[in-house]
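Okay, structure first, notes after.
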Amino acid sequence: MLSNRPNWWAGTAAVDTASAGREVIFMADRKRSLHIGTSGWSYKHWTASFYPQRIKAADMLNFYSRQFDTVEVNSTFYRLPTRKVLLKWKKSVPDHFLFSVKASRYITHQKKLKDPAKSIHMFISRIQYLGPKLGPILFQLPPHWLKNRQRLSDFIGMLPGDYRYVFEFRDASWFADDIIHLLEETGSTFCIYDLEGHSSPKPATAEIIYLRFHSPAPEYEGDYSRAILKGWVADLQQWRMEGKEVFCYFNNDFGGYAPRNARLLGELAKAE
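Under the working numbering, the first residue of the sequence shown carries the number 5, and numbering increases by one thereafter.
What follows is the structure in C-alpha cells.
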C-alpha cells in the first residue's frame, strides 16, 4: 500500500518570490530550499526584543511573516484550532509562507499511535484549511516510550499520502537501523534535534530535512551562540547540495532567543 502513495509533494505551494515583501529578514530561496523560523509566534515576552511595542496579539503573525517564511505551530499539540482560526492564519501571511504543524498529543502521547484512523482524519481534515500554506506535519513521540517498529509502520500506513510527515523520537531506542530504514521506505522524515546541548543522529530519510533547536540549556532558556550555529552551516550546505528542502525551527522562546537565533542562522547560511 505504501508504494502506491500519491506524489509526496502534492498540495504544496510554489513560492512567489516576486510577491515577497522587502521587510523580510530571511526568506527562503527555492533553489536552496531553506526555511528558517521559530516554534510559535504568539509570545508577549518577545515585545521590544522582536515585536514592536504595543503590538496587538492579532497582528503578531502578520508581523512575524514579514520576518520569516515559516513557523512551527505547537499549539495544535494541545488543542485543535477551529476552521475560522486556521483561515485567519492563512489570510494573515504571504502566499509563500508555510506552517509546519505539530500533531495532537492525543495521537502521540495518549494513544501512542494506536488505533489512529479516526484521530488522524479529525486532525488532518481540520488543518487542511491552511491549504497550500500547510507544510510538514510533525509527530513528536513521548520520552521513555521504547521503540515499537510495528506500531510505527502500521501508523504510517494509515496516513494520507499527499502530505509530508516528520517523526521526532525522544527515546534513544528509536535511533535504530530498522526505524531509519522504515522512514526511508515510506518517505517519512526523521526529525533532527538539539536539546540541552545534546543532538540526535542526523539521517536524511526523505526529501525534506527537519531540524528543531529546542535549547542549549534546560527549560528552553538557552541562547545559541554564533559558534554553535555556525557549526550547523556545513550540514545545511550538504543537505541543500543533495537537493533536500530544509526546515529549521527554534523553540527557545524564553528571552526572545528563538527569533534572534533564527535570524542569525539565516545570516550565517547566506554568508556561506
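C-beta atoms are modelled at their ideal positions from N, C-alpha and C, and glycine is treated no differently. Treat the numbers as computed from the prediction; the structure is a model and nothing was measured.
If you follow the beta strand (DSSP E) that residue i is part of, which residue opens it and which one closes it?
i      : result
THR193 : 193-199
VAL250 : 249-254
SER43  : 38-43
GLU172 : 169-172
HIS218 : 212-219
ILE59  : Element bounds for ILE59: n/a, residue is neither H nor E.
By the 10 Å Cβ neighbour count, where 16 or more other Cβ atoms means buried, how is residue i classified, buried or exposed?
i      : result
GLY100 : Checking the displayed sequence, the identity of residue 100 turns out to be His instead of Gly. Result: buried.
GLN71  : buried
GLN144 : buried
LYS274 : exposed
ARG168 : buried
THR86  : exposed
GLU76  : buried
ASP181 : exposed
MET64  : buried
Excluding five sequence neighbours on each side, which residues of the same chain lie with their C-beta closer than 6 Å to the C-beta of residue i?
i      : result
LEU269 : ILE40 and LEU233
PHE258 : TYR224 and GLU225
LYS206 : ILE196
Can you tell me which of the options puts its alpha carbon nearest to the alpha carbon of residue i?
i      : options                           : result
ALA107 : LYS122, PHE127, TRP178 and LYS94  : PHE127
PHE254 : MET245, SER229 and LYS248         : SER229
TRP243 : ASP63, ARG58, PHE171 and LEU215   : LEU215
SER157 : PRO146, PRO147 and PHE171         : PHE171
TYR47  : LYS60, SER37 and LEU38            : LYS60
SER69  : THR51, ASN78, THR112 and GLY44    : GLY44
MET162 : ASP175, LYS118, PRO140 and ASP182 : LYS118
TYR110 : SER129, LYS92 and PHE81           : PHE81
PRO136 : LEU150, ARG155, PRO98 and PRO147  : PRO98
PHE67  : PRO56, LYS115 and GLY235          : PRO56
ALA231 : ARG58, HIS125 and ASN265          : ASN265
GLN154 : HIS185, GLU276, PRO147 and GLY165 : HIS185
ASP175 : GLU246, GLY165, PRO146 and LYS95  : PRO146
ALA210 : ASP227, THR190 and PRO222         : THR190
Note the first and the last residue of the continuous alpha helix (DSSP H) segment covering residue i.
i      : result
LYS234 : 230-245
PHE127 : 121-131
LYS92  : 87-96
LEU272 : 261-275
PHE103 : Not the alpha helix (DSSP H): PHE103 falls in the beta strand (DSSP E), residues 102-106.
With residue i and residue j assumed to form a contact (beta carbons below 8 Å), what rounded beta-carbon distance in angstroms separates them?
i      : j      : result
ALA208 : THR42  : With 8 Å as the limit, ALA208 and THR42 do not qualify as a contact, their Cβ atoms being about 23 Å apart.
LEU134 : LEU90  : 6 Å
VAL237 : ILE213 : Actually they are not in contact, since the Cβ atoms of VAL237 and ILE213 sit about 13 Å apart, beyond 8 Å.
ILE160 : SER192 : 6 Å
ILE124 : LYS151 : The pair is not a contact, with the Cβ atoms about 21 Å apart (cut-off 8 Å).
Which same chain residues, not among the five before or five after residue i, have their C-beta less than 7 Å away from its C-beta?
i      : result
GLN132 : LEU138
GLY201 : PRO220
Tell me which residues share the same chain as residue i and place their Cβ nearer than 8 Å to its Cβ, disregarding the 5 neighbours each side in the sequence.
i      : result
TYR197 : GLU172, SER203, SER204, LEU215, ARG216, PHE217 and HIS218
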